[in-house]
Amino acid sequence: MKGIIIAGGKGTRLCPLTNVISKPLLPVYDKPMIYYPLAILMEAGIKEILIITTPEDKHRFMNLLGDGSQLGISIKFKVEPSPKGIAQAFIIGEEFIGNEPVTLILGDNIFYGHGLTSLLRKAISLKKGATIFGYYVKDPYRFGVVEFNDRKEVINLEEKPAQPKTNYAVTGLYVYDHRVVNIAKKIKPSEKGELEITDVNKAYLELGDLHVELLGNGYSWFDTGTHTSLYQAGQFIEETEKNEKIKIGCIEEIAFREKLITKSQLMKLALSLEKSEYGQYLKNLSKKIK
1 MKGIIIAGGK GTRLCPLTNV ISKPLLPVYD KPMIYYPLAI LMEAGIKEIL IITTPEDKHR
61 FMNLLGDGSQ LGISIKFKVE PSPKGIAQAF IIGEEFIGNE PVTLILGDNI FYGHGLTSLL
121 RKAISLKKGA TIFGYYVKDP YRFGVVEFND RKEVINLEEK PAQPKTNYAV TGLYVYDHRV
181 VNIAKKIKPS EKGELEITDV NKAYLELGDL HVELLGNGYS WFDTGTHTSL YQAGQFIEET
241 EKNEKIKIGC IEEIAFREKL ITKSQLMKLA LSLEKSEYGQ YLKNLSKKIK
């Protein structure tokens, strides 16, 4: 299983914050935003990851994450010449994906829930088809929306409908089998000139190979595309970390828990950040480990 993080786009809805820096590099409480989707992939056991970004921001992501070897994973980078829709990621990443399945996550999406890793690993274990994750929202017109029949079977998907038929938004986390590259190549650009991920999901629906997992009570999802949602995400992370005495999206801790790095390597990472609260957390963690 390969993993892709989309960290491109212009982030115009967050201007002036994004006038000089990519949206996935903005802070969400105590970490860069991209740590959170990267952590999701790592917790799911994905070790080969491609980050798709802009020509201007590629070096910033490389300075932040390197090649991933310090975390026991492999991180590669590709540039999108211009933002042409989420589904463009499969065409850009065709060589990287090869004949393997792939999990795609948006660089501005933040997920939290104790059962999420199990749900994602379950989706990854399927040998065929696609899995998307739905979440109940009050403003479904902002998202791709999934519609069900009385038997809770998916019957349709719509991209940002003016009159949504359901409140279940399709989140920015997707799992696909190896067919996704060819499917992405065949879809036609929308009126906006973009390759819509909704059209990819519709193709799997027509094939009878689309699975939907609903993230209900106990899960939180933030699409940090607005100033309000970015602020709310930061508040949520701060409150949850303090209440539960954990770090959400702590990629160094996940690397150790997944046995990708040793205790001494964790300590080395902690010392490089020791003047920060984040670094002290890692330092204290490494001291507790026998």
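Sequential numbering of the sequence shown, starting at 1, is according to full-length UniProt numbering. We treat Cβ as the ideally placed atom computed from N, Cα and C, and that holds for glycine. Bear in mind the structure is a predicted one, so any value in this text is a computation, not a measurement.
{"Check": "So, for E158: in the same chain, excluding its five sequence neighbours on each side, which residues have a beta-carbon less than 6 Å away from its beta-carbon?", "Outcome": "V145"}
{"Check": "If contacts are defined as beta-carbon pairs under 8 Å, then I183 and L38 qualify, I think. What distance do you get, rounded to the angstrom?", "Outcome": "25 Å between Cβ atoms; not a contact."}
{"Check": "Buried or exposed, going by whether 16 or more other CB atoms sit within 10 Å of the CB of E80?", "Outcome": "buried"}
{"Check": "Once the 5 residues before and after R121 are set aside, which same chain residues still bring their CB inside 8 Å of it?", "Outcome": "A44, G45"}
{"Check": "So K283 packs on A270, CB below 8 Å; how close in whole Å?", "Outcome": "4 Å"}
{"Check": "Taking its Cβ as the centre, do 16 or more other Cβ atoms sit within 10 Å of I197, making it buried, or is it exposed?", "Outcome": "buried"}
{"Check": "Going by beta-carbon coordinates alone, are D223 and G172 separated by less than 8 Å?", "Outcome": "yes"}
{"Check": "Go to A130, then tell me how far its alpha helix (DSSP H) extends in each direction, as first and last residue.", "Outcome": "Here A130 belongs to no alpha helix (DSSP H); instead the beta strand (DSSP E) covers 130-136."}
{"Check": "Per DSSP, which residues does H211 bridge with? Please list them.", "Outcome": "T131"}
{"Check": "In the DSSP assignment, find the beta strand (DSSP E) that holds L106 and state where it starts and stops.", "Outcome": "102-106"}
{"Check": "Which runs of the alpha helix (DSSP H) fall wholly inside the stretch 22-108 and span at least 4 residues, in chain order?", "Outcome": "35-43, 58-65, 88-92, 94-97"}
{"Check": "With the cut-off set at 8 Å, would you say V7 and G107 are in Cβ contact?", "Outcome": "Inspection of the sequence shows that residue 7 is occupied by Ala rather than by Val. Taking 8 Å as the Cβ cut-off, A7 and G107 qualify as a contacting pair."}
{"Check": "At which residue ranges does the stretch 161-220 contain complete alpha helix (DSSP H) runs of 4 or more residues, listed in the order of the chain?", "Outcome": "180-186, 197-207"}
{"Check": "Per the DSSP calculation, E158 is bridged to which residue(s)?", "Outcome": "V145"}
{"Check": "So if DSSP puts K2 in a beta bridge, which residue, or which two residues, is it bridged to?", "Outcome": "E48, V102"}
{"Check": "By alpha-carbon positions, which one of D150, K275, G193, I5 ends up nearest to A89?", "Outcome": "I5"}
{"Check": "If you run the structure through DSSP and keep just helix, strand and coil, what is I110?", "Outcome": "strand"}
{"Check": "Give me, in chain order, the residues of the same chain whose beta-carbon lies closer than 6 Å to that of A233; leave out the 5 immediate sequence neighbours on both sides.", "Outcome": "V28, I110, F222, T224"}
{"Check": "Cα separation between K192 and L285?", "Outcome": "48 Å"}
{"Check": "Have a look at V137, Y176, D209, L273 and flag the residue whose alpha-carbon is nearest the alpha-carbon of N217.", "Outcome": "V137"}
{"Check": "Between the C-alpha atoms of Y36 and G3, what's the straight-line distance to the nearest angstrom?", "Outcome": "14 Å"}
{"Check": "Between the alpha carbons of L230 and E239, how many angstroms are there, rounded?", "Outcome": "14 Å"}
{"Check": "Measure the alpha-carbon distance for A203 versus I34 and round it to whole angstroms.", "Outcome": "29 Å"}
{"Check": "Where does G208 land, buried or exposed, given buried means 16+ other C-beta within 10 angstroms?", "Outcome": "exposed"}
{"Check": "Where do the N-terminal and C-terminal ends of the alpha helix (DSSP H) with E252 fall, by residue?", "Outcome": "251-257"}
{"Check": "Less than 6 Å between C-beta atoms, sequence neighbours within five positions excluded: which residues of the same chain meet that for G249?", "Outcome": "K31, Y35, Y36, A39"}
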